[in-house]
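Residue numbers (the working numbering), protein chains in the order written: chain W, 526 to 884; chain V, 526 to 884. In this text, a Cβ means the ideal position worked out from N, Cα and C, and glycines have one as well. Note that the structure is predicted; figures quoted are calculated from it, not measured. Below you'll find the structure, written out as structure tokens, and then a few comments.
2 protein chains.
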Amino acid sequence: MATTTQLIGRDVLLPEQPRILVLHEPQPLPQPPSLTIEEQPARFYRFRYESEIEKDSGRVGGLLLGRSSTDGNKSFVRVRVSGIDPAVHSQLQLTVCTVSAEEKAPHPYYLHGDHCSNGYFQLKKTVDSAFKGSEWEITFNRLAVICVTRKSQMDIERAMELRRANVPSLPDAVESSKVEYTSRSMGSIRLAISLQFTDTRGMHWWQSTVYSDPINDDKQKKSIAVERLNPAEVPLTGGSLVAILTKTPTTGINKTDIKVDLQTLHGQSSAGSASAESTGSLRNFVRSCSIVELKKHLLVVRTPDMTSITRNDRLKCRLTVRSNGFESEDLEIVFFGKECGNVGSADTRDSRKRPRQQT
Amino acid sequence: MATTTQLIGRDVLLPEQPRILVLHEPQPLPQPPSLTIEEQPARFYRFRYESEIEKDSGRVGGLLLGRSSTDGNKSFVRVRVSGIDPAVHSQLQLTVCTVSAEEKAPHPYYLHGDHCSNGYFQLKKTVDSAFKGSEWEITFNRLAVICVTRKSQMDIERAMELRRANVPSLPDAVESSKVEYTSRSMGSIRLAISLQFTDTRGMHWWQSTVYSDPINDDKQKKSIAVERLNPAEVPLTGGSLVAILTKTPTTGINKTDIKVDLQTLHGQSSAGSASAESTGSLRNFVRSCSIVELKKHLLVVRTPDMTSITRNDRLKCRLTVRSNGFESEDLEIVFFGKECGNVGSADTRDSRKRPRQQT
DNA sequence: AACTGGGGAATTCCCAACCG
DNA sequence: CGGTTGGGAATTCCCCAGTT
Numbered sequence: 526m527a528t529t530t531q532l533i534g535r536d537v538l539l540p541e542q543p544r545i546l547v548l549h550e551p552q553p554l555p556q557p558p559s560l561t562i563e564e565q566p567a568r569f570y571r572f573r574y575e576s577e578i579e580k581d582s583g584r585v586g587g588l589l590l591g592r593s594s595t596d597g598n599k600s601f602v603r604v605r606v607s608g609i610d611p612a613v614h615s616q617l618q619l620t621v622c623t624v625s626a627e628e629k630a631p632h633p634y635y636l637h638g639d640h641c642s643n644g645y646f647q648l649k650k651t652v653d654s655a656f657k658g659s660e661w662e663i664t665f666n667r668l669a670v671i672c673v674t675r676k677s678q679m680d681i682e683r684a685m686e687l688r689r690a691n692v693p694s695l696p697d698a699v700e701s702s703k704v705e706y707t708s709r710s711m712g713s714i715r716l717a718i719s720l721q722f723t724d725t726r727g728m729h730w731w732q733s734t735v736y737s738d739p740i741n742d743d744k745q746k747k748s749i750a751v752e753r754l755n756p757a758e759v760p761l762t763g764g765s766l767v768a769i770l771t772k773t774p775t776t777g778i779n780k781t782d783i784k785v786d787l788q789t790l791h792g793q794s795s796a797g798s799a800s801a802e803s804t805g806s807l808r809n810f811v812r813s814c815s816i817v818e819l820k821k822h823l824l825v826v827r828t829p830d831m832t833s834i835t836r837n838d839r840l841k842c843r844l845t846v847r848s849n850g851f852e853s854e855d856l857e858i859v860f861f862g863k864e865c866g867n868v869g870s871a872d873t874r875d876s877r878k879r880p881r882q883q884t
Numbered sequence: 526m527a528t529t530t531q532l533i534g535r536d537v538l539l540p541e542q543p544r545i546l547v548l549h550e551p552q553p554l555p556q557p558p559s560l561t562i563e564e565q566p567a568r569f570y571r572f573r574y575e576s577e578i579e580k581d582s583g584r585v586g587g588l589l590l591g592r593s594s595t596d597g598n599k600s601f602v603r604v605r606v607s608g609i610d611p612a613v614h615s616q617l618q619l620t621v622c623t624v625s626a627e628e629k630a631p632h633p634y635y636l637h638g639d640h641c642s643n644g645y646f647q648l649k650k651t652v653d654s655a656f657k658g659s660e661w662e663i664t665f666n667r668l669a670v671i672c673v674t675r676k677s678q679m680d681i682e683r684a685m686e687l688r689r690a691n692v693p694s695l696p697d698a699v700e701s702s703k704v705e706y707t708s709r710s711m712g713s714i715r716l717a718i719s720l721q722f723t724d725t726r727g728m729h730w731w732q733s734t735v736y737s738d739p740i741n742d743d744k745q746k747k748s749i750a751v752e753r754l755n756p757a758e759v760p761l762t763g764g765s766l767v768a769i770l771t772k773t774p775t776t777g778i779n780k781t782d783i784k785v786d787l788q789t790l791h792g793q794s795s796a797g798s799a800s801a802e803s804t805g806s807l808r809n810f811v812r813s814c815s816i817v818e819l820k821k822h823l824l825v826v827r828t829p830d831m832t833s834i835t836r837n838d839r840l841k842c843r844l845t846v847r848s849n850g851f852e853s854e855d856l857e858i859v860f861f862g863k864e865c866g867n868v869g870s871a872d873t874r875d876s877r878k879r880p881r882q883q884t
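Laid out in structure tokens, this is it:
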């Protein structure tokens, strides 16, 4: 999974792919170290506003996690510099800044945290007698990306000014003036990572830039966060309307992209529905609900006929809402037998189809 | 209800209540006209942002209505100048600006619309031979109040600067530097209305300022707008949980301030529930629901036992949500007999505030 | 053909719970 | 205790339906 950037010094003279920039006059090229991204950043990230870190300076903000980070086990973005030769390299320096995910041009969002200043990350490493091995691994475990106000175009442009003024240009950089940022286009960035080294003759070399995979604004993660059901008990015969309240607005989600699935609970204790996560039991989906209505905070579905599923009088199920590749937490719903009444099967507004009037 | 400011010229010399400001050297005082507010502004108003009017200059924004304005019958703020005497007064001028409701000090929100410039309203009237009667009535039928960004204190202060620079000081004005505006304190203003006149000798006179009743930010109008019920049919025996979905967030409303009432429908046709508004039938409230839970867009109530109300098998009711003096539209709910199951009486899940960390 | 009036989306910011 | 995380409140702004 690691993106590698194996740099061969001689390549620099080939017109096809100049991969090393020489800042001083041409010289015999030393063998450069290679730079690889060992762990990519998480796909989604909640960028933090300046107002969220300004309060006290000890504050980093939300940490940028690594892609393999899990709930209980954090990981971070990690890069490795290999092929370090103390006979050739006297000092290494890693520089990181943000670029737009698309164009890879300078981006107004900036890095903040350990080893960051002026919006970019920079860390030196001296290769001396104390240096062991041929590798240098850097873990960005205190790194945050700070976003800027995008209400007005003016704000964005001012932030771009600052970015241009503060952050050094990395090799292969796209000219920032080539890119017009709008409030919409700003939610995806990459880390631009570049290695510099000083050879034993004191010569400085810049290695071409490596780009991380995109980091997308958290808000693009459009899952449906369910809040609760009502009613939570419906007849086995199906046809009941069930309201699923959502915590987050369902904005931007298509009704047709939503699937609501029911899954039987196999002899699960009726105790904790929350802690009974992923017990490893088979997830055999028994039915889907049809989607009746989608509103901002409400999803109305119609239950299917469950009578063929069980002969019991009660059937407890998990209800899961899936959309755009995301999956909600489970809600518990109980189906009961003994058909009776017209419970919950009539809608408020169009109570047209009222099943069986009891007169 | 009209606030009157009958000004007697001689009063000016009494130390208790100097009500006229003389701008030039003292002279025998002409009899001033009086200024009364015939119609107060609406109690609530949605202030408009600059961004909502700048697009095209023909745009006034949301009009400030009069207090007696109704849905189908608009009215506007109206003032009357009485006691105009062509033998004494040669020109009249009305000036209006905004002040804070509390301190009556200059306020950064500003007036916009007909006869407005630089944030204040000003209208002249020549009293010549063409002038009939002794009154001048002014209706502010194209007047809006523009609010300013209050995110940062800086924005507010900048707006105050502008206000001070642009808007003339009215008599009796509180010094604006006396007031510290915060984002919170800005949502209530008054109109400050002042009459100036020129007498037949060309002397200018300023009459003391009249203040309207407060105009409050729309957001302070906290009513609950109901969207729908689920389920809309519940057993007569009561105890069912009913979800009431609200269109507006219930933010700032106290659970204890909410009452949910049920009212029987007397032989109403089952036809249109929407059009059956206010048929004049007695509104005899039969029961209240207890409030179970209040969330942003959701109000959960428990139905009362209705078995004593009717011997019928079905009972159709109106459900109304009351809060802070406001009353929601009605929703229709049906109670049915033949108890069965414990439908809707079980809660799905006690949504934890935060997902528990898995270690 | 505009504008108003509203609904509600998008953006910022605040803050409480939780964690080391 | 201070920081991180998330939830969600508050604020702005966008935009369209309905009117005039």
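Taking residue i as the query, report the chain V residues whose CB atoms sit under 7 Å from its CB, ordered along the chain.
{"i": "His632 (chain W)", "result": "Near His632 (chain W) there are no residues of chain V at all, since even the closest Cβ is about 23 Å away, more than 7 Å."}
How long is the line joining the alpha carbons of residue i and residue j, rounded to whole angstroms?
{"i": "Ser518 (chain V)", "j": "Glu854 (chain W)", "result": "Residue 518 (chain V) lies beyond the range of chain V shown here (526 to 884); nothing can be said about it."}
{"i": "Lys820 (chain W)", "j": "Trp731 (chain V)", "result": "57 Å"}
{"i": "Leu856 (chain V)", "j": "Thr828 (chain V)", "result": "14 Å"}
{"i": "Glu627 (chain W)", "j": "Arg715 (chain W)", "result": "9 Å"}
{"i": "Ser654 (chain W)", "j": "Pro611 (chain W)", "result": "8 Å"}
{"i": "Leu695 (chain W)", "j": "Leu589 (chain W)", "result": "21 Å"}
{"i": "Lys629 (chain V)", "j": "Ala698 (chain V)", "result": "7 Å"}
{"i": "Asn691 (chain W)", "j": "Ser576 (chain W)", "result": "20 Å"}
{"i": "Tyr706 (chain V)", "j": "Arg675 (chain V)", "result": "9 Å"}
{"i": "Ser794 (chain V)", "j": "Lys841 (chain V)", "result": "Low confidence applies here, because Ser794 (chain V) scores a pLDDT of 43, under 50, leaving its location unreliable; read the following figure in that light. In a straight line, the C-alpha of Ser794 (chain V) is about 10 Å away from that of Lys841 (chain V)."}
{"i": "Leu754 (chain V)", "j": "Leu787 (chain W)", "result": "23 Å"}
{"i": "Ile858 (chain W)", "j": "Thr771 (chain V)", "result": "23 Å"}
{"i": "Glu700 (chain W)", "j": "Lys650 (chain W)", "result": "29 Å"}
{"i": "Thr789 (chain V)", "j": "Asp782 (chain V)", "result": "23 Å"}
{"i": "Gly727 (chain W)", "j": "Ile740 (chain W)", "result": "36 Å"}
Can you pull the chain W neighbours of residue i, defined as C-beta to C-beta under 8 Å?
{"i": "Pro693 (chain V)", "result": "In chain order: nothing, as chain W lies at least about 30 Å away."}
{"i": "Ala684 (chain V)", "result": "Near Ala684 (chain V) there are no residues of chain W at all, since even the closest Cβ is about 16 Å away, more than 8 Å."}
{"i": "Glu824 (chain V)", "result": "Sequence inspection shows Leu at residue 824 (chain V); the Glu mentioned does not correspond to that position. Going along chain W, no residue has its Cβ under 8 Å from Leu824 (chain V), so there is no contact; the nearest lies around 11 Å."}
I want to see whether chain W comes within less than 8 Å of residue i, judged by CB atoms only; does it?
{"i": "Pro756 (chain V)", "result": "yes"}
{"i": "Leu770 (chain V)", "result": "yes"}
{"i": "Leu761 (chain V)", "result": "no"}
{"i": "Leu840 (chain V)", "result": "no"}
{"i": "Leu687 (chain V)", "result": "no"}
Taking Cβ positions, are residue i and residue j nearer each other than 8 Å?
{"i": "Asp830 (chain V)", "j": "Thr762 (chain V)", "result": "yes"}
{"i": "Arg573 (chain W)", "j": "Gly586 (chain W)", "result": "yes"}
{"i": "Val602 (chain V)", "j": "Ser737 (chain V)", "result": "yes"}
{"i": "Trp661 (chain V)", "j": "Val606 (chain V)", "result": "yes"}
{"i": "Pro631 (chain V)", "j": "Arg689 (chain V)", "result": "yes"}
{"i": "Asp743 (chain V)", "j": "Phe569 (chain V)", "result": "yes"}
{"i": "Leu619 (chain W)", "j": "Ile609 (chain W)", "result": "no"}
{"i": "Val825 (chain W)", "j": "Val785 (chain W)", "result": "no"}
{"i": "Thr561 (chain V)", "j": "Val604 (chain V)", "result": "yes"}
So with Cβ pairs under 8 Å, would you call residue i a contact of chain V?
{"i": "Leu636 (chain W)", "result": "no"}
{"i": "His887 (chain W)", "result": "Coverage of chain W is limited to positions 526 through 884, which leaves residue 887 (chain W) absent and any answer about it impossible."}
{"i": "Leu589 (chain W)", "result": "no"}
{"i": "Asn809 (chain W)", "result": "no"}
Give a single yes or no on whether residue i has its beta carbon closer than 7 Å to a heavy atom of the ligand FAD.
{"i": "Ser559 (chain V)", "result": "Absent from the structure shown: the ligand FAD. Ligands present: none."}
Have a look at the DSSP bridge pairing and note the partners of residue i.
{"i": "Lys650 (chain W)", "result": "W:Leu617"}
{"i": "Ala717 (chain W)", "result": "W:Cys622 and W:Tyr736"}
{"i": "Tyr645 (chain V)", "result": "V:Ser642"}
{"i": "Arg683 (chain W)", "result": "DSSP lists no partner for Arg683 (chain W)."}
{"i": "Leu761 (chain V)", "result": "Note: Leu761 (chain V) sits in no beta bridge, so no partner."}
{"i": "Leu668 (chain V)", "result": "V:Gly638"}
List, in order along the chain, the chain V residues whose C-beta lies closer than 9 Å to that of residue i?
{"i": "Leu668 (chain W)", "result": "Result: empty, since nearest Cβ-Cβ is about 22 Å, beyond 9 Å."}
Who are the neighbours of residue i on chain V, taking C-beta pairs under 8 Å?
{"i": "Leu766 (chain W)", "result": "Asn755 and Pro756"}
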